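Below is one structure, written out as C-alpha cells; the observations come after it.
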Amino acid sequence: MTTPARRDRLVELYNEARDCHQCPLASTRTKVVFGAGNADADLMFVGEAPGAEEDRQGLPFVGRAGQLLNQLLGEIGLAREDVFINNVLMCRPPGNRDPQPSEIESCSPYLQQRIALIQPKVVATLGNFATKLITGSPTGIMKAHGTTQVHVLGGRAVYVMPLIHPAAALRTRSLVETLREDFAKLPELLATPSPQEVEDARAADEPVMAMAAAADERDQLDLFG
Ligand code: URA
75 MTTPARRDRL
85 VELYNEARDC
95 HQCPLASTRT
105 KVVFGAGNAD
115 ADLMFVGEAP
125 GAEEDRQGLP
135 FVGRAGQLLN
145 QLLGEIGLAR
155 EDVFINNVLM
165 CRPPGNRDPQ
175 PSEIESCSPY
185 LQQRIALIQP
195 KVVATLGNFA
205 TKLITGSPTG
215 IMKAHGTTQV
225 HVLGGRAVYV
235 MPLIHPAAAL
245 RTRSLVETLR
255 EDFAKLPELL
265 ATPSPQEVED
275 ARAADEPVMA
285 MAAAADERDQ
295 LDLFG
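By the numbering used here, the letter at position 98 of the sequence shown is numbered 172, and the numbering carries on one by one without gaps.
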C-alpha cells in the first residue's frame, strides 16, 4: 500500500473510532485517543490506556509518562514523528483504573487494524496489559521485559519488545535505568531485517535451494558415475 493510501485508510479508521460506542467508556471519555505519529513507522509503541491529560487532548502519552517516553526516544536518536504511539484502549478508564477484559476485547479490533495498516517492523509493548495482549501470554512484564519475541500481528511477522511502562518507572525510579537499557536494544532491532522479510526471503529462496541441491546431486552422480 502506498503512503498516501495508508494515511487515507488511517484517517477513515480514526473517523470511525471517534464515534465509537462499543463499550461503556464512551460515556465517560472526553476524547477518543486513536493514536498518533508516522503512518509509515517501523516502530510502534502500544501503551495501556489514556490518562487524564490524554483524554483532554485526544493524544497518546502527553502527560508525565509521555515526557519520559520522549526523553528515552531522544536518547536512541528518535523523535515522536518517527514512530507511531497508541494504546490497548482508546478511551480513559475512569480514575485510571485497570482496563476490563470486555473493554480490551471491544477495542482490540482497532489496534489490530492500526497494526495491519502501519505494518511496523517492531512493536514495543509498554507494561503488562499491552504485553499480555500482544504476546498472547500471561507472562508478566517484569519477567518479559527486554527480551525480543516474534509474533504474527496484522498478518505479518514482527519483532515484539516488551518494555516496562514509563509510568511504572516514574513510580519506582530504579526502573528508569532498566527501561533505558531495554530502549537501547531498539536501534539494533530496527536495523535488522524484519522477521517477515526473513520469512519472505526464505520462501523465495526455497525453489532456488531445491534447484541447487538437485544440481549438486547431478554433479556428484557425474563424479562417481
Ligand atoms: N499511559 C498509557 O498507557 N497511555 C497513555 O497514552 C498515557 C499514559
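Note that beta-carbon positions come from the ideal geometry of N, C-alpha and C, so glycine has one too. Since this is a predicted model, take the numbers as computed values, not measurements.
- Cβ contact annotation for Thr222 (same chain, cutoff 8 Å, sequence separation greater than five): Tyr233, Val234, Met235, Lys259 and Leu263, in chain order.
- Val85 counts as exposed, since fewer than 16 other C-beta atoms from the protein chains shown sit within 10 angstroms of its C-beta.
- The beta carbon of Leu133 lies closer than 8 Å to those of Val107 and Ala110 in the same chain, with the five residues before and after it left out.
- Gly229 and Thr104 have their C-alpha atoms roughly 32 Å apart.
- Runs of the beta strand (DSSP E) lying entirely within the stretch 131-204, each at least 3 residues long, are 158-161 and 196-200 in chain order.
- Annotation: Pro98 to Ser182 spans about 15 Å, alpha carbon to alpha carbon.
- Ordered by chain, the residues meeting the criterion of a beta-carbon within less than 7 Å of a non-hydrogen atom of the ligand URA are Val107, Gly121, Glu122, Ala123, Pro124, Gly125, Glu128, Pro134, Phe135, Gly137, Ala139, Gly140, Asn161, Leu200, Gly201, His239 and Ala241.
- DSSP places Arg230 in the strand class (E or B) of the three-state scheme.
- Across the structure, Arg83 and Leu191 are spaced so that their CA atoms are roughly 8 Å apart.
- Considering only Asp156, Leu143, Ala100 and Pro173, the residue with the shortest C-alpha distance to His239 is Leu143.
- Residues of the same chain with a CB within less than 8 Å of the CB of Phe158, apart from the 5 flanking positions on each side, are Gly109, Ala110, Gly111, Asn112, Ala113, Ala115, Leu117, Met118, Phe119, Arg188, Ile192 and Pro194 in chain order.
- In this chain, the alpha helix (DSSP H) harbouring Phe257 covers Ser248 to Phe257.
- Beta-bridge analysis with DSSP links Gln96 to no other residue.
- In the DSSP assignment, Met118 falls within the unbroken beta strand (DSSP E) covering Leu117 to Gly121.
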